[in-house]
Every structure is written in structure tokens, then in C-alpha cells.
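Under our numbering, the first residue of the sequence shown is numbered 7, with each subsequent residue one higher. Cβ coordinates follow ideal geometry from the N, Cα and C atoms, glycine included. From a predicted model like this one, the values you see are computed outputs, not experimental measurements. Everything on this sheet refers to the single structure shown next.
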Amino acid sequence: MKIYCFLGNIGKEYEKTRHNVGFLCGDFLHHCFGFSEWKVEKKFFGAVSEGVINGEKTIFLKPHTFMNQSGKSLLALYQFYKTNISDLCIVYDDKDMVLGKIRYRPRGSSGGQNGMKHIISVFGTDEISRIKIGVGNEKQAYFTNTADFVLSRFSSDELSFLETDIFPKVKERVLQ
7 MKIYCFLGNI GKEYEKTRHN VGFLCGDFLH HCFGFSEWKV EKKFFGAVSE
57 GVINGEKTIF LKPHTFMNQS GKSLLALYQF YKTNISDLCI VYDDKDMVLG
107 KIRYRPRGSS GGQNGMKHII SVFGTDEISR IKIGVGNEKQ AYFTNTADFV
157 LSRFSSDELS FLETDIFPKV KERVLQ
């Protein structure tokens, strides 16, 4: 079994923000793979959806704990299914990479991303695979702090670029 955890923040005020690129990608993949409807599961502190990818049961998770508590949700799901840490993959934003750049890593530091930082802390290891999606661009210079930038909304052109050019590449990575 595989578990993909898509990081973001719940609530209308966070929709289509850079920090929610994980949620956006999760929704794209959910549609592409024809997974079950998202269902809020209190015991997992988030929304889950199930399907099959390459003949293997796969669970998608969107934590509803807010970004900096993402590990709570993932750990609950992980312990319930008693899976291996090697079966986990986290999908999230990286403000230090240009918009649309994708980087897969089988392990590593959080790079300052608070959701990943919490997951590493809760699991006690950085041996968790992840797919980082760049959300940085020249607009970043106009923001006085990081939080304001990552909580800014994508333009319609940026969203279109992600949906037509970037998320399909993440899909290809998931299929590997």
C-alpha cells in the first residue's frame, strides 16, 4: 500500500495559495486516477481518498490540521494501516524553487517547510520521500515576509501552467 500526503491549509482563505500547491496537486491526481470521493475522517484529522495505482492500493491524504501540524494527521493514518515508512510520499510547496520546478527526494531536511518539519519531528526520521513543487517567482521580492508570499494566491496563468504542465509531471512520478 502507498500513502500520498498532500500538504496545505483548509479554509476558503487558503484556496489557490502557493502554500496549498500540495492540495491542488492532490485534487488533480485524485481526478486523474478516478479515486473515491474525498471523505473527511476525524480519526485521521483530514480528508482521505482511496484507489489503485499500478495494481497497488493507494491512499491520498489531505491533512486538516493546518500546515504546521501535518504530522499528526499522517501519523494517525500511518499507524492505522501499519504500513512501512518507505510507502509514504509527501507532496508540498517549496518557495525557494522557481514556479513549476519539481524535485523528488527519498530523504532530507525540511528545507524550512513547516509541514515537512513537523512530519520529520513526529516520525523521528527524515527518511520520508517527498515531491517538492516550486512556487517561487519574481513576485517574491515584493513581499516583506515569507508567510505573506506563500499565502498569496496564484494568478490564473500560474494555475493553468501548474495544471497543464506541472501536475501531469507529478502524475508521471507517481506512476514510477
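- Annotated as distal: LEU181 and ASN74, with beta-carbon spacing of 8 Å or more.
- Contiguous beta strand (DSSP E) elements confined to the region 96–141 occur at 108–111, taking only those with 3 or more residues.
- Within the model, the alpha-carbon separation for LEU35 versus THR64 is close to 12 Å.
- Of the candidates LYS175, VAL128, GLY114 and GLY106, the residue whose Cα lies closest to the Cα of ASP163 is GLY106.
- Distance from the CA atom of SER127 to the CA atom of PHE29, rounded to whole angstroms, is 21 Å.
- By the neighbour-count definition (other C-beta atoms within 10 Å, threshold 16), MET122 is a buried residue.
- Within the region 32–65, complete beta strand (DSSP E) segments of at least 3 residues are found at 45–47 and 52–59, given in chain order.
- Counting along the chain, TYR84 sits inside the alpha helix (DSSP H) bounded by residues 76–87.
- With respect to GLY40, GLY52 sits apart: the two C-beta atoms are not nearer than 8 Å.
- Only exposed fits GLY17, as fewer than 16 other CB atoms lie within 10 angstroms of its CB.
- PHE12 is bridged by DSSP to VAL97.
- In this chain, the alpha helix (DSSP H) harbouring LYS175 covers 173–181.
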